[in-house]
Amino acid sequence: MAVAAPISPEHIAIVKATAPVLKEHGVTITTLFYNNMIAAHPELKNIFSMSNQTSGAQPRALAAAVFAYATYVDDLGQLSAAVERIAHKHESLNVQPEQYAIVGKHLIEAVAAVLGDACTPEIGEAWTAAYTALADIFINREKQLYAAHENWQGWRRFQVQQKVPESSEITSFYLAPEDGQPLPSFLPGQYISLQVFVPQMGHMQPRQYSLSEAPRSDYYRISVKKDKGKKPEVPGLISNLLHENYKEGDVLELTAPAGEFFVDPKDGTDKPIALISAGVGLTPMISILNSSVNSGSAQRISWIHGVHNTEVRAFSKHIHDTCAKDVNNNINATFFVTSPQQQDVQGVDYHFTGRIDLSKVDPKTTLFLDDPRAEYYTCGPYLFMRDVEKYLISVGVDPKRIHLEVFGTGDE
Ligand SMILES: Cc1cc2nc3c(=O)[nH]c(=O)nc-3n(C[C@H](O)[C@H](O)[C@H](O)COP(=O)(O)OP(=O)(O)OC[C@H]3O[C@@H](n4cnc5c(N)ncnc54)[C@H](O)[C@@H]3O)c2cc1C
Ligand code: HEM
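The sequence shown begins at 47 in my numbering and counts up one residue at a time.
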């Protein structure tokens, strides 16, 4: 493993001084970087989402990360949440230490090419030192993450045991390991990466999916929304492939569960939790809810969920049944529906019309605002989560108790 010399004060000064220039050219640099790197290492097409490349989401995410790093190079504590998220994503994609040299070479070359004469040897050296220091942070953290599941490194073959439609657009896949060996547990809220061969590309493509059931040793469950595409002409590649081409008995490859968005059952089940999701963002929440119920704890849980209409809403019956079985009234559910259908009954099928608006729910019994231990988990479109976070902070919740799970690169 490469060990970097600590970055010197002179290099820090140069990196900070050149950060604004980098920000200005960030996406140009990272786009050039990816194109050159993939041309030199076509095998990397198997791990980068080609859709994120063509849409520009990944170059934007990398440019934002590099710029954030340059800004906080002397105060890296500010970046710990971002580093943790990226390290888990890398772990889930089986990124290896030796690949950092490849990324570093092409990134620094792209910086030099875009900045031209403005990239003096001193600037080049400072950025190389900074990259090496950042790479070491990731390499070390990822080493720890891999060590936590030493019997499962890389991709493991799973069979689709069962495919169960949960709504008009979400289908669950029950995935059992082909080797028949017991599956490791995971922390409710975490995700796996799966990879499938894409015939029209001629290579593999990975995607992440939250585990949508409490941990079990015989199968993992994921629940996938068929992504019709923001533009109708660009339907999601893998979600549609899974829905249409993958049937019971087919094989997919998975990496071990990862992710920094979770409820740790060891943290104590006396803390109330509010699970606030929109659309398919309910998947990690189902795992969290089911895990708590299975543990027999008396944890107070609020399920707050919003959808466009009840046709697309998944797990409605499961939530109703879970609340009905909860004789102590520890679990409560609030449903928002933007466009209720004629047959939907307010108070039964849904509670509020419109998008999720936390000012409409009971501040104590549903949002637990009187309990300073309460934790808030939110997942759904990025701007929705930002609104949830903003509202909770405005009513006095400490941001440290608000957890977001982003189903993308976080730039949308
Ligand atoms: C931690 C995590 C957990 C997740 N959990 C779940 C889950 O539980 N369930 C679930 O359904 N999903 C989940 N996702 C999302 C999932 O990983 C995929 O992103 C999703 O299934 C879409 O993948 P796709 O291959 O179908 O779409 P992609 O082909 O990746 O396309 C994604 C979007 O980009 C758009 N797009 C593609 N190409 C372009 C272009 N050239 N220009 C503009 N736009 C373009 C598409 O229209 C589409 O809307 C999760 C993601 C993460 C990161
Ligand atoms: C210091 C170096 C690196 C930085 C700053 C970095 C940064 C990032 C960021 C910001 C993301 C997006 C995270 C998210 O979606 O939340 C990401 C994802 C990713 N990274 Fe890295 N990364 C680095 C090194 C590497 C290396 C060495 C590899 C392996 C070749 C790699 C492969 C990937 C892949 C495959 C993804 C997912 C991309 C996608 O799905 O579109 N990264 N990285």
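We treat Cβ as the ideally placed atom computed from N, Cα and C, and that holds for glycine.
Which value, in whole angstroms, describes the spacing of the CA atoms of residue i and residue j?
i	j	result
residue 118	residue 189	24 Å
residue 168	residue 73	23 Å
residue 385	residue 351	14 Å
residue 50	residue 175	Caution applies to residue 50, whose pLDDT of 47 falls short of 50 and renders its modelled position unreliable; the value that the coordinates give is listed next. Distance between the alpha carbons of residue 50 and residue 175 is about 8 Å.
residue 258	residue 293	19 Å
residue 244	residue 237	21 Å
residue 267	residue 83	35 Å
residue 122	residue 115	8 Å
residue 127	residue 306	9 Å
residue 248	residue 89	11 Å
residue 416	residue 157	51 Å
residue 193	residue 255	22 Å
Quick one: does residue i have its CB under 8 Å from some CB of chain B?
i	result
residue 271	You won't find chain B in this structure, because it holds only one protein chain.
Is it right to say residue i is buried, meaning 16 or more other beta carbons lie within 10 angstroms of its own, or is it exposed?
i	result
residue 79	buried
residue 48	Note that residue 48 scores a pLDDT of 38, beneath 50, so its modelled location is shaky; the value from the coordinates is reported in the next line. The residue is exposed, with fewer than 16 neighbouring Cβ atoms inside 10 Å.
residue 336	buried
residue 54	exposed
residue 439	exposed
residue 271	buried
residue 100	exposed
residue 241	buried
residue 429	exposed
residue 327	buried
Mind checking whether the beta-carbon of residue i lies closer than 7 Å to any heavy atom of ligand 2?
i	result
residue 136	yes
residue 98	yes
residue 94	yes
Just to confirm, are residue i and residue j a CB contact at a threshold of 8 Å?
i	j	result
residue 330	residue 235	yes
residue 449	residue 304	no
residue 378	residue 412	yes
residue 239	residue 301	yes
residue 269	residue 196	no
residue 109	residue 75	yes
residue 434	residue 319	no
residue 250	residue 92	yes
residue 286	residue 273	yes
residue 207	residue 222	yes
residue 398	residue 406	yes
residue 393	residue 353	no
residue 317	residue 179	no
residue 390	residue 424	no
Shorter than 7 Å, the distance from the beta carbon of residue i to the closest heavy atom of ligand 1, or not?
i	result
residue 263	no
residue 451	yes
residue 241	no
Is there contact here, the stretch 344-360 with the stretch 199-207, by at least three beta-carbon pairs under 8 Å? no
At a cut of 8 Å, does the stretch 54-63 reach the stretch 92-101 through at least three beta carbon pairs? no
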